[in-house]
Amino acid sequence: MKKELLLLLLLLSFVTSGYRKPDVYVIDATKNAYLHNNMGLRYMDEHCYYAAIQEFKIAISLSPSAQATAVYYKNLGDAYMTIGYPDMARQPYEDAVKQFSLNFQYYKDLAKCYKALGLIPSKITEYRNEDNPLNKVMLGLLYVESGNPKRGITVLDEFAMSEPDLLITPAVKQYIKETVKNIDNL
Numbered sequence: 061m062k063k064e065l066l067l068l069l070l071l072l073s074f075v076t077s078g079y080r081k082p083d084v085y086v087i088d089a090t091k092n093a094y095l096h097n098n099m100g101l102r103y104m105d106e107h108c109y110y111a112a113i114q115e116f117k118i119a120i121s122l123s124p125s126a127q128a129t130a131v132y133y134k135n136l137g138d139a140y141m142t143i144g145y146p147d148m149a150r151q152p153y154e155d156a157v158k159q160f161s162l163n164f165q166y167y168k169d170l171a172k173c174y175k176a177l178g179l180i181p182s183k184i185t186e187y188r189n190e191d192n193p194l195n196k197v198m199l200g201l202l203y204v205e206s207g208n209p210k211r212g213i214t215v216l217d218e219f220a221m222s223e224p225d226l227l228i229t230p231a232v233k234q235y236i237k238e239t240v241k242n243i244d245n246l
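According to the numbering used here, the stretch in the sequence shown is residues 61 to 246, in order.
Structure follows, in structure tokens:
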């Protein structure tokens, strides 16, 4: 009887002890990329641009095919533009547009980069291609950056009217309003 009771108590103690397996830490490259991007942003705030560039590159290498990587490319391009290297910023900005082509800020940054490099006339001829409707966004921004805002507004307005349901369209419309307001103030 005592043995049975002892065995029963021992069995009940295992069942009621609440034992569970210890948590296992899983290394997640996407999460680590996010952390490296945030560290890069902190370095940018502290004006440690070389360290920021390295952190953004690490973030890109950890998660090269995710949609969030477009943000890392943009941040890398911003770091290069801040230190005065638009030739180095060009590729990250172009990669950001390729990675996620529905963010209007990426197009604006790329247009400013092209302006800093003096490539606007050649890029205008390149983006006149009608195959991709998003080429109109870049073309309109290039016209605005080249000093021809009326033509740029016309191209951007054509895009907004032809593609009303895209995610980028509200940002394009807001940019048109701001640009028209700036032209009226001149």
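Every residue gets a Cβ at the ideal spot worked out from N, C-alpha and C, and that includes glycine.
Source: prediction; values computed, not measured.
C-beta contact flag for residue i and residue j at 9 Å
i	j	result
asparagine 92	phenylalanine 116	no
isoleucine 113	alanine 139	yes
tyrosine 85	phenylalanine 164	no
proline 193	glutamate 154	no
proline 209	threonine 239	yes
Contact belief for residue i with residue j at Cβ below 8 Å, rounded distance in angstroms
i	j	result
serine 125	alanine 89	That pair is no contact at about 11 Å.
valine 157	tyrosine 145	About 19 Å; that fails the 8 Å criterion.
tyrosine 187	leucine 199	4 Å
isoleucine 118	tyrosine 133	13 Å between Cβ atoms; not a contact.
phenylalanine 219	lysine 196	4 Å
alanine 171	leucine 136	Not quite, the Cβ-Cβ distance comes to about 17 Å (not below 8 Å), so this is no contact.
DSSP state of residue i mapped onto helix, strand, coil
i	result
arginine 211	helix
glutamate 223	coil
serine 121	helix
serine 206	coil
alanine 111	helix
Start and end residues, alpha helix (DSSP H) containing residue i
i	result
isoleucine 184	180-187
asparagine 97	89-105
isoleucine 243	229-245
glycine 144	Run containing glycine 144: none; DSSP gives neither H nor E here.
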